[in-house]
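Residue numbers (mature numbering (1 follows the signal peptide of the UniProt record, and there is no 0)): -20 to -1, 1 to 291.
(1) Look at the alpha carbon of residue 253 and the alpha carbon of residue 243, and state the distance between them as a whole number of angstroms.
(2) Compute the beta-carbon to beta-carbon distance between residue 134 and residue 187, rounded to the nearest angstrom, for a pair I have assumed lies under 8 angstroms.
(3) Let me know if residue 143 comes out buried or exposed under the rule of 16 or more other beta-carbons within 10 Å of its beta-carbon.
(4) Counting along the chain, where does the beta strand (DSSP E) carrying residue 186 start and finish?
(5) How would you label residue 190, buried or exposed, when you count the other beta carbons within 10 angstroms and need 16 or more for buried?
(6) For the alpha helix (DSSP H) holding residue 249, just list the boundary residues, first then last.
(7) Just to confirm my understanding: we take residue 164, look at its own chain, exclude 5 residues before and 5 after, and list those with CB closer than 6 angstroms. What are they?
(8) Can you name the start and end residues of the alpha helix (DSSP H) that residue 234 belongs to?
(9) Could you tell me whether the Cβ atoms of residue 152 and residue 201 are closer together than 8 angstroms?
(10) Quick check: what's the CA-CA separation for residue 194 versus residue 226?
(11) Leaving out five residues on either side along the sequence, give the residues of the same chain with a beta carbon under 6 angstroms from the beta carbon of residue 147.
(12) Does DSSP classify residue 115 as helix, strand or coil?
(13) How many Å lie between residue 251 and residue 261 at the Cα?
(14) Counting only the same chain and skipping the five closest in sequence on each side, list residues whose C-beta sits under 6 angstroms from that of residue 207.
(15) In terms of residue numbering, what span does the beta strand (DSSP E) encompassing residue 218 cover?
(16) Buried or exposed: which applies to residue 150, given that a residue is buried once 16 or more other Cβ atoms fall within 10 Å of its Cβ?
(17) Report the residue from 97, 222, 289, 237 whose alpha carbon sits nearest the alpha carbon of residue 136.
(18) Mark residue 203 as exposed unless 16 or more other C-beta atoms lie within 10 angstroms of its C-beta, in which case mark it buried.
(19) Check this for me: beta carbons of residue 119 and residue 220, under 8 angstroms apart or not?
(20) Over what stretch of residues does the beta strand (DSSP E) that includes residue 149 continue unbroken?
(21) Does DSSP classify residue 124 as helix, strand or coil?
(22) Looking at residue 185 and residue 161, is the spacing between their C-beta atoms short of 8 angstroms?
(23) Excluding the 5 residues flanking residue 138 on each side, which residues of the same chain have their C-beta closer than 6 angstroms to its C-beta?
(24) Among residues of its own chain, excluding the 5 on either side of residue 169, which ones have a beta-carbon nearer than 7 angstroms to its beta-carbon?
(25) For residue 228 and residue 127, which I take to be in contact (beta-carbon distance under 8 angstroms), what is that distance rounded to the nearest angstrom?
(26) Residue 174 to residue 209, Cα distance in whole Å?
(27) Please list, in chain order, all residues of the same chain as residue 197 whose beta carbon is under 7 angstroms from its beta carbon, the five residues on each side excluded.
(28) According to DSSP, simplified to helix, strand and coil, what is residue 95?
(29) For chain D, check one thing: does any of its Cβ atoms lie closer than 8 angstroms to the Cβ of residue 172?
(30) Out of 93, 246, 90, 129, which has the shortest C-alpha to C-alpha gap to residue 232?
(31) Quick one: what does DSSP say residue 144 is sitting in, helix, strand or coil?
(32) According to DSSP, which residues form a beta bridge with residue 131?
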């Protein structure tokens, strides 16, 4: 593939430059179409065949060493037509020579389109080759809204494989939770996965309990893995950093967020005498002031009501 592109570049450049023979304008105003030297980023006149041949050999050697760089330099520099129009203005007003230069421009633009397309294909091919390796994205998250002394904190490690092959020998080590400040109640801070298929993900959960209050910086965990089965090279990475957070003392948290059941019971006990004793006194005085009904009072009341209804 590289040899084909090399043939297209230098075969097209030889046609553009000379069409079989070197093109040389008159000696007084010798400005002509020029060829790019990818090594020095300069321009070489086409009126010097020996030097042009040496440049072709040097460019061929550079193209073999780094073809993408050489091809991109040729395309990007050739897109500048300023020197071409300057050459066109400097050539004497011969119709044949101007027609030849216009033909050169057409061939030159065609070759640039071919080279640009080939460069795009090479870049896509290189990107596909890079995508075949495993690429891991590891996220470390703190799921608690409030961090409280003596209360459990849930830590999640999410591993995503966004590459084109399986990741092997995945190791995650988190040394940010020191035993003097945290107690691991569930899970492991260092774990290993033998294989993670492309496009899949896995979640690991750890529960820790803070022993002391204060500010704490939740840093990233270390990740290592192999990118493919054929590669023995170890790839190292880090997880996302949750950042700095504050661990609240348990007394302050209870004062602000607890239901305070004990406090309400104590309040009810203290306010019961002040409310119960006045109620009892009022009830006794009411029963003394209201007279009791006698047996004949109901008949008298019924007779009075009947008389009022008749009238």
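C-beta atoms are modelled at their ideal positions from N, C-alpha and C, and glycine is treated no differently.
In brief:
(1) For the purposes of this step, residue 253 is identified with residue 273 of the chain shown, where counting begins at 1. For the purposes of this step, residue 243 is identified with residue 263 of the chain shown, where counting begins at 1. So the two alpha carbons sit approximately 17 angstroms from each other.
(2) Working through the chain shown from its first residue, we reach residue 134 at position 154. Working through the chain shown from its first residue, we reach residue 187 at position 207. About 6 angstroms; that satisfies the 8 angstroms criterion.
(3) In the chain shown, counting from the first residue as 1, residue 143 sits at position 163. Classification of residue 143: buried, given that the 10 Å Cβ count is 16 or more.
(4) Looking up residue 186 in the chain shown gives position 206. Its beta strand (DSSP E) spans residues 181 to 190.
(5) Residue numbering aside, residue 190 sits at position 210 when the chain shown is read from its first letter. It counts as buried.
(6) One-based indexing of the chain shown puts residue 249 at position 269. Segment 241 to 269, the alpha helix (DSSP H) holding residue 249.
(7) In the chain shown, residue 164 corresponds to position 184, counting from 1. These residues qualify, in order along the chain: 188.
(8) The residue you call residue 234 lines up with position 254 of the chain shown. Note, residue 234: alpha helix (DSSP H), 230 to 237.
(9) Counting from one through the chain shown, the residue named residue 152 turns up at place 172. Counting from one through the chain shown, the residue named residue 201 turns up at place 221. Contact: yes.
(10) Along the chain shown, one-based indexing puts residue 194 at 214. Along the chain shown, one-based indexing puts residue 226 at 246. If you take the alpha carbons of residue 194 and residue 226, they lie about 6 angstroms apart.
(11) Taking the first residue of the chain shown as 1, we reach residue 147 at position 167. Cβ neighbours of residue 147 beyond the five flanking positions: 114, 116, 141, 176, 205.
(12) Locating residue 115 in the chain shown gives position 135, where the first residue counts as 1. Residue 115: coil per DSSP, three-state reduction.
(13) Residue numbering aside, residue 251 sits at position 271 when the chain shown is read from its first letter. Residue numbering aside, residue 261 sits at position 281 when the chain shown is read from its first letter. About 17 angstroms.
(14) For the purposes of this step, residue 207 is taken as residue 227 along the chain shown, with counting starting at 1. For residue 207, where only same-chain residues beyond five positions count, the Cβ hits under 6 angstroms are 113, 114, 215.
(15) Counting from 1 along the chain shown, the entry for residue 218 is found at position 238. Per DSSP, residue 218 belongs to the beta strand (DSSP E) from 214 to 218.
(16) The residue you call residue 150 lines up with position 170 of the chain shown. That one is buried.
(17) Residue 136 sits at position 156 when you count from the first residue of the chain shown. Ranking 97, 222, 289, 237 by Cα distance to residue 136 puts 222 first.
(18) The count along the chain shown starts at 1 and reaches residue 203 at position 223. It counts as buried.
(19) Taking the first residue of the chain shown as position 1, residue 119 is located at position 139. Taking the first residue of the chain shown as position 1, residue 220 is located at position 240. Yes, Cβ-Cβ distance for residue 119 and residue 220 is below 8 angstroms.
(20) As a working mapping, residue 149 is identified with position 169 in the chain shown. From DSSP, the beta strand (DSSP E) with residue 149 extends over 147 to 153.
(21) Start at 1 with the first residue of the chain shown, and residue 124 comes out as number 144. Here residue 124 sits in coil by DSSP.
(22) Counted from its first residue, the chain shown places residue 161 at position 181. Counted from its first residue, the chain shown places residue 185 at position 205. For residue 161 and residue 185, no; Cβs fall outside 8 angstroms.
(23) The count along the chain shown starts at 1 and reaches residue 138 at position 158. The residues are 119, 183.
(24) The count along the chain shown starts at 1 and reaches residue 169 at position 189. Once the five neighbours on either side are set aside, the close Cβ partners of residue 169 are 154, 157, 186.
(25) In the chain shown, the residue the question calls residue 228 occupies position 248. In the chain shown, the residue the question calls residue 127 occupies position 147. The Cβ separation is near 7 angstroms, so the contact holds.
(26) Locating residue 174 in the chain shown gives position 194, counting from the first residue. Locating residue 209 in the chain shown gives position 229, counting from the first residue. One C-alpha to the other measures close to 11 angstroms.
(27) Residue mapping note: residue 197 aligns to position 217 of the chain shown, counting from 1. Closer than 7 angstroms at Cβ, skipping near neighbours: 224.
(28) Taking the first residue of the chain shown as 1, we reach residue 95 at position 115. The answer is helix: DSSP assigns residue 95 an H, G or I state.
(29) Among the chains of the structure shown, chain D does not appear; only one protein chain is present.
(30) Within the chain shown, residue 232 is the residue found at index 252, counting from 1. Nearest C-alpha to residue 232: 129.
(31) If you number the chain shown from 1, residue 144 lands on position 164. The answer is coil: DSSP assigns residue 144 none of H, G, I, E or B.
(32) Walking along the chain shown from the start, residue 131 turns up at place 151. Residue 131 pairs with nothing; no bridge assigned.
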